[in-house]
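Structure, as structure tokens:
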Amino acid sequence: MFNSSQFTPKYFLLTGLPGLEALYPWLIFPFCSIYLVALVGNTLILAVIKKNSSLHQPMHLFLAMLACAELGVSASTLPTVLGIFLFGTNEICFEACLLQMFSIHSFSIMESGVLLAMSVDRFVAIYNPLRYTAILTLPRIAGTGVALGLKSVMLMLPLPFLLKRLPFCGHNILSHSYCLHSDLIQLPCADTRPNSILGLCIVTSTFGLDSLLIIISYVLILYTVLGITSGEEQRKALNTCVSHICAVLVYYVPMISVALVHRFMKHTGPAVRLLLANVYLLVPPVLNPIIYSVKAKQIRRGLIRLFLQRK
Numbered sequence: 274m275f276n277s278s279q280f281t282p283k284y285f286l287l288t289g290l291p292g293l294e295a296l297y298p299w300l301i302f303p304f305c306s307i308y309l310v311a312l313v314g315n316t317l318i319l320a321v322i323k324k325n326s327s328l329h330q331p332m333h334l335f336l337a338m339l340a341c342a343e344l345g346v347s348a349s350t351l352p353t354v355l356g357i358f359l360f361g362t363n364e365i366c367f368e369a370c371l372l373q374m375f376s377i378h379s380f381s382i383m384e385s386g387v388l389l390a391m392s393v394d395r396f397v398a399i400y401n402p403l404r405y406t407a408i409l410t411l412p413r414i415a416g417t418g419v420a421l422g423l424k425s426v427m428l429m430l431p432l433p434f435l436l437k438r439l440p441f442c443g444h445n446i447l448s449h450s451y452c453l454h455s456d457l458i459q460l461p462c463a464d465t466r467p468n469s470i471l472g473l474c475i476v477t478s479t480f481g482l483d484s485l486l487i488i489i490s491y492v493l494i495l496y497t498v499l500g501i502t503s504g505e506e507q508r509k510a511l512n513t514c515v516s517h518i519c520a521v522l523v524y525y526v527p528m529i530s531v532a533l534v535h536r537f538m539k540h541t542g543p544a545v546r547l548l549l550a551n552v553y554l555l556v557p558p559v560l561n562p563i564i565y566s567v568k569a570k571q572i573r574r575g576l577i578r579l580f581l582q583r584k
């Protein structure tokens, strides 16, 4: 794999769940079920929204964007995660690893941006319901989706090229079941400060800023709701936010948990950290379709009609 102390690796070795190798046959079904629910659930959400013209509203169009981002995250991690647990294959070539890293982070950034757009959507719907569709027109929604996609790609595009120019040395073992930037920058035997600084700027300008703006949006929403005189109208307004609040919690709580464990609980075993990392990437695509199918009446009715038509 290398001719000297500095080399460009042909392969990286991925890590499953250290110490739990004997349980892999028992983990095949849960992991396959998780991916099946994530892929089928988000695909059904897209099919229902596309098929029902009554759902071509801002809230549901943003939900379709969220489903696309979650499908991207699931499809990006699926080959290596199932490869490890189904076939015991933990090798990934250098170029494929960079591509997987780029895809996972790009779709995660887009998912965070869509959650922010959905919070703005809820604020507009509650603050100015009469002009809701006039403010959030289809061209503006489409432009938002394109802007979020371009932002994700442009922010992540430099990272694979910065990694590719670095010399590697020592081991080529990654600590997750997929390729992440935070993992890869630990391996080069050269100055990785440009990569680290750029990665920190990306995290701050996306996840950090998005979460702050989501909080501000809900402060404004709460202030607006408290200004409504009717208690019944207040409950109705808040009920329209329940699904989105659940989606935000499902996305950010695992992310914060992973960060806290890596920062303050380094004594925990690697299996715990890897399990939390898998939860962070795999759980939101599974739970969000379920949340919106249960809590959003129009989505639930659309799914029922879709299944009845197939029968």
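Position one of the sequence shown corresponds to residue 274 (this note's numbering), numbered consecutively onward. Beta carbons: idealized from backbone N, C-alpha and C, even for Gly.
- The C-beta distance from His454 to Gly472 rounds to 6 Å, short enough to fall under 8 Å.
- The stretch 458–466 and the stretch 431–448 touch, with no fewer than 3 CB-CB distances between them shorter than 8 Å.
- By the Cβ-count criterion, Glu294 is exposed, with fewer than 16 other Cβ atoms from all chains shown falling within 10 Å of its own Cβ.
- Three or more beta-carbon pairs separated by less than 8 Å link the stretch 568–576 to the stretch 511–527, which places the two stretches in contact.
- Under the 10 Å beta carbon count, Arg404 is surrounded by fewer than 16 other beta carbons and is classified as exposed.
- With 16 or more other Cβ atoms from the protein chains shown falling within 10 Å of its own Cβ, Cys452 counts as buried.
- Note that the stretch 303–316 does not touch the stretch 363–379; fewer than 3 beta-carbon pairs, one per stretch, sit closer than 8 Å.
- Rounded to the nearest whole angstrom, the C-alpha separation of Ile377 and Ser349 is 6 Å.
- A direct Cα-to-Cα measurement between Leu296 and Leu359 gives close to 12 Å.
- In this chain, the alpha helix (DSSP H) harbouring Leu435 covers Pro431 to Lys437.
- Arg578 sits exposed, since fewer than 16 C-beta atoms from the chains shown fall within 10 Å of its C-beta.
- Judged by DSSP in its simplified three-state form, Cys366 adopts strand.
- For Leu287, the secondary structure class from DSSP, reduced to helix, strand or coil, is coil.
- With distances taken between CA atoms, Leu371 lies nearest to Pro431 out of Leu300, Leu336, Pro431 and Leu344.
- By the CB criterion at 7 Å, Met383 and Ser425 fall inside the cutoff.
- By the neighbour-count definition (other C-beta atoms within 10 Å, threshold 16), Asn561 is a buried residue.
- Leaving aside the five residues that flank His333 on each side, the residues in its chain whose CB is nearer than 6 Å to its CB run, in chain order, Ile322.
- Taken through DSSP and simplified to helix, strand or coil, Pro440 comes out as coil.
- Contact annotation: the stretch 337–354 touches the stretch 302–312, with at least three C-beta pairs closer than 8 Å.
- When secondary structure is reduced to three states using DSSP, Ile501 falls in the coil class, being assigned neither helix nor strand.
- Taking Leu351 as the centre and dropping the five residues before and after it, the same chain places the C-beta of Tyr308 closer than 7 Å to its C-beta, in chain order.
- For Phe358, the uninterrupted alpha helix (DSSP H) segment begins and ends at Pro331 to Phe360.
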